[in-house]
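One structure below.
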Amino acid sequence: MGVALRDIIAEYRTPVPWEALTGIAAVDAHNALYQFLSIIRQPDGTPLMDQRGRVTSHLSGILFRTTSFIEKGIRPVYVFDGTPPPFKQATIEQRRQVREQARARWEEALIRGEISEAYKQARSASKVDDEVISTAKTLIGLLGLPVVKAPSEGEAQAAAMVSRGDARYVVSQDYDTLLFGAPLLVRNLTVSGKRKLHGRTISVSPERIVLSEALKGLDLSREDLIRIAVLIGTDFNTGVRGIGAKTALKIIRKGEFEATVEEKLPGLDREAVIDFFLDPPVTWEYSLSWGEPNPDGVMRMLCDGYDFAPDRVGKALEGMNVRKGQKTLDSWF
DNA sequence: CGATTTCA
DNA sequence: TGAAATCGG
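Terminal number for the first sequence in my numbering: 333, no gaps in between.
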């Protein structure tokens, strides 16, 4: 779900204009899908669904964001998760329980007629399941974009692809990719530039975090940053209750990481977690090739399959380079 | 969230 | 016309 590094990383975020973001972007697919699933909902928490009751929030999100990226000169490659490491199991189980509780609370809130509470719980009940992943991959393929399947964590794979120079930056809301060594992370890469916060609409713009700048500014090595994350808690270990990013930073500065772990996190295999961040399983067996979008295939999938309105899908596709295959698109109107 | 419509 | 409201599936 992401490491709570925000309190020490925040000052190294800098606004970045869209024009500076052209080129290949390694998108943390799980992060994007979760975002879509959790946010694209009705006020009572009901997600977008087709007539058969299948969730379509993520398909809407991918379609419109991807076509918009292409128009802006951004070439996204969606990086998906592979098999999680065994020591992530506790986190996975805990999240499952949180989701189940949220689902129950969602239903209860609906019965009481508490709409905003229902929405909040529905968000927490979101799950990026196999169906979401496979339908997302199908749509991404029809849009002509490459997909990379990580051997393990998608965030690690995306970071490695940027390190190697196959992509310019990672797109994610989470800071975990920095721990995996992503040289450049871009957050808030949302098209509308608006977000609802406490019922108010605030404007958000893309921001970048350059890992080397953050490490230099904090006077930390990447391993130190990982140690801070371990104290706070990561996807692979629970942190110390009462220790946030600021406190963890002080502990690292005083050289008390080992002692703190011994005392507060007994039984934690800290080396295993640190090693995983420093040298995670990644693959170089991928090919980044952008094909032509298949407008007819997209229309068939979304309109025939999931009850999307042809005019809206067609309009989104027109923004892409559908010069070829224009005839097939016209035939839908 | 992103697109579209409504409203001041 | 631009920001706010709401629609989409």
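All C-beta atoms, glycine included, are put in the ideal place defined by N, C-alpha and C.
query	result
Cross-strand partners of Glu-357 (DSSP beta bridge)	Any answer about residue 357 is impossible in this case: the structure gives the chain only from 1 up to 333.
Start-to-end residues for the alpha helix (DSSP H) that takes in Gly-141	130 to 142
For Tyr-286, the three-state DSSP class (helix, strand or coil)	coil
Reduced DSSP secondary structure (H/G/I, E/B, other) of Val-240	coil
Whole-angstrom C-beta distance between Gly-193 and Ser-205, which should lie under 8 Å	6 Å
Beta-bridge pairing of Thr-234 - partner residues as DSSP gives them	Asn-237
As assigned by DSSP and simplified to three states, the class of Ala-150	coil
Enclosing beta strand (DSSP E) for Ala-25 [first to last residue]	23 to 28
Cβ shell of Ser-289 (< 8 Å), same chain only, five flanking positions each side left out	Pro-146
Cβ distance (whole Å) where Ala-245 is taken to contact Ile-226 below 8 Å	With 8 Å as the limit, Ala-245 and Ile-226 do not qualify as a contact, their Cβ atoms being about 13 Å apart.
Contacting residues, own chain, Cβ-Cβ under 8 Å from Val-313 (five flanking each side not counted)	Leu-63, Val-298, Met-299, Leu-302 and Cys-303
Cα-Cα separation between Lys-324 and Leu-317, rounded to whole angstroms	Residue placement at Lys-324 cannot be trusted, given a pLDDT of 46 that sits under 50; what the coordinates show is reported in the next sentence. Whole-angstrom Cα-Cα distance: 12 Å.
DSSP-derived helix/strand/coil call for Ile-74	strand
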